[in-house]
Amino acid sequence: MRGGKFMNKIVKNSSKKLLLFLLMFAMTISCLIVTPIASAYGPSTMYTGTNPAPGYGRAAQLHYSGANNGKMYAIFDHNVATTPTFKVFESTNNGSSWTQVGQVSDTQNGWGMRYQPHIYELPQAIGTMPAGTLLVAGNSIPGDYTATRIELYKSNDLGRTWTFVSHIAVGGDANPDSLHDPIWEPFLMVANNKLICYYSDERDPTYAQKLVHQTSTNGTTWGSVVNDVALSTQWYRPGMATIARMANGKYIMTYEMAPLSGWPIYYQISDNPEVWNPSNQGTYLGAGGGTPYVVTMPNGKIVVSMLEHDNLFVNSANGTGAWTEIASPIATSYSRGLLPLDNGRLFIMSSVGNDMKYADMDAGGTLAKFINRVTGKALDNTGSTTDGTAVAQWTNVASNNLVWEVQKLPEGYLKLRSVTGARNLDTLNHTVNGQTVGQMSNSSSYNQQWRMDFTSDYYLKLINRSNGLAVDTGGLNSNGALMQMWGLSSNFNQFWTMVPQN
Numbered sequence: 001m002r003g004g005k006f007m008n009k010i011v012k013n014s015s016k017k018l019l020l021f022l023l024m025f026a027m028t029i030s031c032l033i034v035t036p037i038a039s040a041y042g043p044s045t046m047y048t049g050t051n052p053a054p055g056y057g058r059a060a061q062l063h064y065s066g067a068n069n070g071k072m073y074a075i076f077d078h079n080v081a082t083t084p085t086f087k088v089f090e091s092t093n094n095g096s097s098w099t100q101v102g103q104v105s106d107t108q109n110g111w112g113m114r115y116q117p118h119i120y121e122l123p124q125a126i127g128t129m130p131a132g133t134l135l136v137a138g139n140s141i142p143g144d145y146t147a148t149r150i151e152l153y154k155s156n157d158l159g160r161t162w163t164f165v166s167h168i169a170v171g172g173d174a175n176p177d178s179l180h181d182p183i184w185e186p187f188l189m190v191a192n193n194k195l196i197c198y199y200s201d202e203r204d205p206t207y208a209q210k211l212v213h214q215t216s217t218n219g220t221t222w223g224s225v226v227n228d229v230a231l232s233t234q235w236y237r238p239g240m241a242t243i244a245r246m247a248n249g250k251y252i253m254t255y256e257m258a259p260l261s262g263w264p265i266y267y268q269i270s271d272n273p274e275v276w277n278p279s280n281q282g283t284y285l286g287a288g289g290g291t292p293y294v295v296t297m298p299n300g301k302i303v304v305s306m307l308e309h310d311n312l313f314v315n316s317a318n319g320t321g322a323w324t325e326i327a328s329p330i331a332t333s334y335s336r337g338l339l340p341l342d343n344g345r346l347f348i349m350s351s352v353g354n355d356m357k358y359a360d361m362d363a364g365g366t367l368a369k370f371i372n373r374v375t376g377k378a379l380d381n382t383g384s385t386t387d388g389t390a391v392a393q394w395t396n397v398a399s400n401n402l403v404w405e406v407q408k409l410p411e412g413y414l415k416l417r418s419v420t421g422a423r424n425l426d427t428l429n430h431t432v433n434g435q436t437v438g439q440m441s442n443s444s445s446y447n448q449q450w451r452m453d454f455t456s457d458y459y460l461k462l463i464n465r466s467n468g469l470a471v472d473t474g475g476l477n478s479n480g481a482l483m484q485m486w487g488l489s490s491n492f493n494q495f496w497t498m499v500p501q502n
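Numbering (the UniProt record's numbering), first residue to last: 1 to 502.
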């Protein structure tokens with residue numbers, strides 16, 4: 001819902017004073033509703049390169065570096081004709097602005113650091129490397145593309161200088177034709193007191209490509225290759241694995257499944273990031289064109305980026321159940337990078353033309369109460385976590401039962417998700433005046449999709465996409481009275497005020 005839409009409805013009063021007030025109100029509400037997709041900054045340009053464009057942007061925010069906690073570091077590849085490096089940028093304001101502070105150069109092969117960097121802060125000591133050490137893994141490839149090497153570098157001075165740590169893995173020609181045995185796309189994580197490097201591996205003749213990992217307790221020597229996704233259909237090419245720890249302590253791995261139609265995205269869930277189900281194709285997420293990236297937000301939501309969708313995909317149930325789309329402030333690109341920030345927002349890096357762009361957004365949704373005009377009471381989920389429970393009204397007190405997360409959908413509708421019940425406002429398939437409105441687990445049903453129509457006297461109506469009815473008190477005034485749905489009217493029982501809570 002944008003300001004122009006409800007200005008068409010409310011600019012009826014010729015009073016200049018009222019018109020000015022309404023304009024300010026409309027702009028305020030518009031900002032609140034768009035908050036889940038609107039960025040506090042960006043899209044902005046971090047770096048402008050020459051053809052070929054920079055790509056594969058990745059970022060990290062410090063959590064284990066004492067007084068430097070909160071600083072951010074970003075990296076990307078730029079495959080220039082000369083010996084390429086991974087440029088390192090720093091931000092001291094949650095990603096709002098960036099300055100180049102260093103670069104990762106190939107000091108071992110003389111080939112350059114060409115592709116697929118991943119930057120990571122150690123959360124604990126690994127060998128002689130203390131917590132807070134910045135690591136970069138990337139693919140060193142010569143100009144004639146006759147070899148691939150995943151190399152590990154470290155920095156102990158906030159990205160200013162970088163020193164070689166180890167060769168993680170060595171592969172053949174950088175040609176993804178299943179004939180030359182290359183390796184690709186490293187991803188770093190620490191778990192079980194080990195440094196883990198996941199990557200795509202074409203060296204095993206049994207598979208066109210598989211996902212694997214190796215572990216190290218010191219960063220310098222690496223254990224044997226362990227299969228993570230290695231499918232019996234020989235020509236399947238699972239690739240580009242990214243991993244995130246979910247709110248319930250389990251891990252989710254997303255990956256593309258080339259060369260299937262649409263290059264679909266699949267995922268697996270595991271209790272242990274060293275133990276996956278290699279023969280399992282995984283759970284289908286969507287036909288996304290490949291290059292997925294997964295993160296877990298501070299509020300527990302899982303967010304996934306895909307190549308063929310500008311929108312992001314969100315799951316609120318630890319990878320089970322439905323995924324919903326939310327709009328992104330920055331267009332997709334090959335392997336768009338995501339990073340949850342300490343302030344609860346989501347940082348995004350994406351290659352646009354010859355620029356490395358960045359922006360941030362609220363991927364969690366605006367928190368708000370909905371106060372009825374007649375009763376002055378708030379929409380209440382009654383503390384229930386049970387599907388099908390009716391919602392009620394209650395005196396406006398400091399209770400999360402009264403707080404709803406407003407999630408904007410790409411189609412212009414909204415979902416209202418209860419903070420305490422983790423259930424969405426739902427018609428319960430009711431279509432008749434006077435029937436109750438309730439709450440259900442997240443789904444793609446239109447029963448859970450609502451629009452806000454604004455009135456000329458500063459209130460809003462919650463109108464369901466499926467049945468066209470509005471949330472209404474039914475003329476009831478008491479605490480605990482169940483809320484109903486009625487056809488649109490000028491009755492104040494349908495008029496609500498949205499009061500932001502964050």
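Heads up, the beta-carbon is just placed ideally off N, CA and C, and yes, glycines get one too.
(request) Hey, could you find the ends of the beta strand (DSSP E) G102 is sitting in? (result) Reading the sequence shown from its first residue, position 102 is the one you call residue 102. Its beta strand (DSSP E) spans residues 99-104.
(request) Answer yes or no: do I269 and T291 have a C-beta to C-beta separation smaller than 9 Å? (result) Mapped onto the sequence shown, residue 269 falls at position 269. Mapped onto the sequence shown, residue 291 falls at position 291. It is not a contact, given that the beta carbons lie outside the stated cut-off.
(request) Using three-state DSSP, classify A464 as helix, strand or coil. (result) By 1-based counting over the sequence shown, the position of residue 464 is 464. Reading off the sequence shown, one finds Asn at residue 464, where the question assumed Ala. Assigned with DSSP and collapsed to three states, N464 falls in strand.
(request) Would you list the one or two residues that DSSP bridges to N139? (result) If you number the sequence shown from 1, residue 139 lands on position 139. For N139, which the question treats as bridged, DSSP gives the partners Y115, I150.
(request) Can you give me the Cβ contacts of M297 inside the same chain, cut-off strictly under 8 Å, excluding the 5 residues immediately before and after it? (result) As a first step, residue 297 must be located in the sequence shown, where it is residue number 297. The answer, listed in chain order, is V303, P340, G344, L346, A363, G364.
(message) Is G337 close to the ligand ATP? I mean its beta-carbon at under 8 Å from any heavy atom of the ligand.
(response) The ligand ATP is not part of the structure shown, which contains no ligands of any sort.
(request) Go ahead and pull the three-state DSSP assignment for F495. (result) Here the question's residue 495 lines up with position 495 in the sequence shown. The answer is coil: DSSP assigns F495 none of H, G, I, E or B.
(request) Check each candidate in T146, G143, S166, A147 and name the one with the smallest Cα separation from Y153. (result) Here residue 153 is taken as the residue at index 153 of the sequence shown, counted from 1. Considering only alpha carbons, the answer is S166.
(request) Return the chain-ordered list of same chain residues with a C-beta closer than 6 Å to the C-beta of A244, the five sequence neighbours on each side being excluded. (result) Walking along the sequence shown from the start, residue 244 turns up at place 244. Answer for A244: I252, V294, V295, T296, listed in chain order.
(message) What does the alpha-carbon distance come out to for the pair W222 and I463?
(response) Counting from 1 along the sequence shown, the entry for residue 222 is found at position 222. Counting from 1 along the sequence shown, the entry for residue 463 is found at position 463. Their backbone Cα atoms lie some 58 Å apart in a straight line.
(message) Is it the case that the region 66-75 contacts the region 103-122, given that we only count it when at least three CB pairs across the two stretches are under 8 Å?
(response) Flag = yes, the region 103-122 and the region 66-75 touch.
(request) Under the assumption that E325 contacts L312 (Cβ atoms under 8 Å), give the Cβ distance between them as a whole number of angstroms. (result) Translated into the one-based positions of the sequence shown, residue 325 becomes position 325. Translated into the one-based positions of the sequence shown, residue 312 becomes position 312. Yes, they are in contact, since the Cβ atoms of E325 and L312 sit about 7 Å apart, within 8 Å.
(request) Could you please give me the residues that DSSP links to E202 through a beta bridge? (result) Within the sequence shown, numbered from 1, the residue matching residue 202 stands at position 202. Per DSSP, none; premise fails for E202.
(request) Identify the continuous beta strand (DSSP E) that holds Q484 and give its terminal residues. (result) The count along the sequence shown starts at 1 and reaches residue 484 at position 484. That run of the beta strand (DSSP E) goes 484-486.
(request) With DSSP as the reference, please indicate the residues paired to L48 in a beta bridge. (result) Locating residue 48 in the sequence shown gives position 48, where the first residue counts as 1. Leu is not the amino acid found at residue 48; the sequence shown has Thr there. Per DSSP, D355.
(message) To the nearest angstrom, how far is the alpha carbon of L23 from that of V403?
(response) In the sequence shown, the residue the question calls residue 23 occupies position 23. In the sequence shown, the residue the question calls residue 403 occupies position 403. Bear in mind that a pLDDT of 41 at L23, under 50, signals an unreliable position, so the number given afterwards is only what the model happens to contain. So the alpha carbons of these two residues sit roughly 26 Å apart.
(message) Measuring only the C-alpha atoms, how far is F164 from M356?
(response) Numbered from its first residue, the sequence shown carries residue 164 at position 164. Numbered from its first residue, the sequence shown carries residue 356 at position 356. Their Cα atoms are separated by approximately 26 Å.
(message) To the nearest angstrom, how far is the alpha carbon of N396 from that of Q407?
(response) Here residue 396 refers to the residue found at position 396 of the sequence shown. Here residue 407 refers to the residue found at position 407 of the sequence shown. Going by the C-alpha atoms only, they are around 22 Å apart.
(message) With the cut-off set at 9 Å, would you say H89 and G138 are in Cβ contact?
(response) Residue mapping note: residue 89 aligns to position 89 of the sequence shown, counting from 1. Residue mapping note: residue 138 aligns to position 138 of the sequence shown, counting from 1. The displayed chain sequence assigns Phe, not His, to residue 89. Going by beta carbons, F89 and G138 fall outside the 9 Å limit.
(message) Within 10 Å of its beta-carbon, does L134 have 16 or more other beta-carbons around it, so buried, or fewer, so exposed?
(response) For this step, residue 134 is matched to residue 134 along the sequence shown. Residue burial annotation: L134 is buried, with at least 16 other C-beta atoms found within 10 angstroms of its C-beta.
(request) Evaluate contact between the region 330-337 and the region 377-384, counting only Cβ atoms and requiring at least three cross-stretch pairs below 8 Å. (result) No contact exists between the region 330-337 and the region 377-384.
(request) Count the other C-beta atoms from every protein chain shown that fall within 10 angstroms of the C-beta of G438, then say buried if there are 16 or more, exposed otherwise. (result) Translated into positions along the sequence shown, residue 438 becomes position 438. By the 10 Å Cβ count, G438 comes out buried.
(request) Could you say which of R465, N467, M483 lies nearest to T473 if we only look at CA atoms? (result) Residue mapping note: residue 473 aligns to position 473 of the sequence shown, counting from 1. Residue M483 holds the alpha-carbon nearest to the alpha-carbon of T473 among R465, N467, M483.
(request) Return the Cβ separation of G468 and N493 in integer angstroms, given the expectation that the two are a contact with Cβ distance under 8 Å. (result) Here residue 468 refers to the residue found at position 468 of the sequence shown. Here residue 493 refers to the residue found at position 493 of the sequence shown. The distance from the Cβ of G468 to that of N493 is about 17 Å, inconsistent with a contact at the 8 Å cut-off.
(request) Find out if the Cβ-Cβ distance for the pair G219, G110 is shorter than 9 Å. (result) Here residue 219 is taken as the residue at index 219 of the sequence shown, counted from 1. Here residue 110 is taken as the residue at index 110 of the sequence shown, counted from 1. Judged by beta-carbon spacing, G110 lies beyond the 9 Å limit of G219, meaning their Cβ atoms are not closer than that value.
(request) Report buried or exposed for S489, applying the criterion of at least 16 other Cβ atoms within 10 angstroms of its Cβ. (result) Counting from one through the sequence shown, the residue named residue 489 turns up at place 489. Around the beta carbon of S489, a 10 Å sphere encloses fewer than 16 other beta carbons of the protein chains shown; the residue is thus reported as exposed.
(request) To the nearest angstrom, report how far apart residue 506 and Y267 are at their CA atoms. (result) Nothing about residue 506 can be read from this structure; the chain reaches only from 1 to 502.
(request) Return the bridge partner residues of V226 from the DSSP annotation. (result) One-based indexing of the sequence shown puts residue 226 at position 226. The beta-bridge partner set that DSSP reports for V226 consists of H213.
(message) Restricting to Cα atoms, I'd like to know which of M440, V190, L260, M452 is closest to M129.
(response) As a position in the sequence shown, residue 129 is number 129, starting the count at 1. That would be V190, whose Cα lies nearest to the Cα of M129.
(request) Consult DSSP for Y207 and reduce its assignment to one of helix, strand or coil. (result) Taking the first residue of the sequence shown as position 1, residue 207 is located at position 207. Three-state result, Y207: coil.
(message) Can you look up A38 in the DSSP assignment and give me helix, strand or coil?
(response) Position 38 of the sequence shown holds residue 38. Low local confidence applies: a pLDDT of 41 at A38 is under 50, so the model's placement there is unreliable, and no value is given.
(message) Can you find the residues in the same chain that come closer than 6 Å, C-beta to C-beta, to G42, ignoring five residues on each side of it along the sequence?
(response) As a first step, residue 42 must be located in the sequence shown, where it is residue number 42. A distance below 6 Å between beta-carbons, with the five flanking residues on each side excluded, links G42 to the following residues of its chain, in chain order: Y358, A359.
(message) Suppose you measure from the CA of T107 to the CA of G412; what does that come to, to the nearest Å?
(response) By one-based count along the sequence shown, residue 107 stands at place 107. By one-based count along the sequence shown, residue 412 stands at place 412. When only Cα atoms are considered, T107 and G412 end up about 51 Å apart.
(request) Throw me the rounded Cβ distance for the V229 and I371 pair, which I believe falls under 8 Å. (result) Mapped onto the sequence shown, residue 229 falls at position 229. Mapped onto the sequence shown, residue 371 falls at position 371. V229 to I371, Cβ: 50 Å. No contact.
(request) With DSSP collapsed to three states, give me the class of A74. (result) Stepping through the sequence shown from its first residue, residue 74 is reached at position 74. In the three-state scheme derived from DSSP, where H, G and I count as helix and E and B as strand, A74 is classed as strand.
(request) Would you kindly work out how many angstroms separate the C-alpha atoms of G112 and P84, rounded to a whole number? (result) The count along the sequence shown starts at 1 and reaches residue 112 at position 112. The count along the sequence shown starts at 1 and reaches residue 84 at position 84. Each residue's CA atom was taken as its position, placing G112 and P84 some 5 Å apart.
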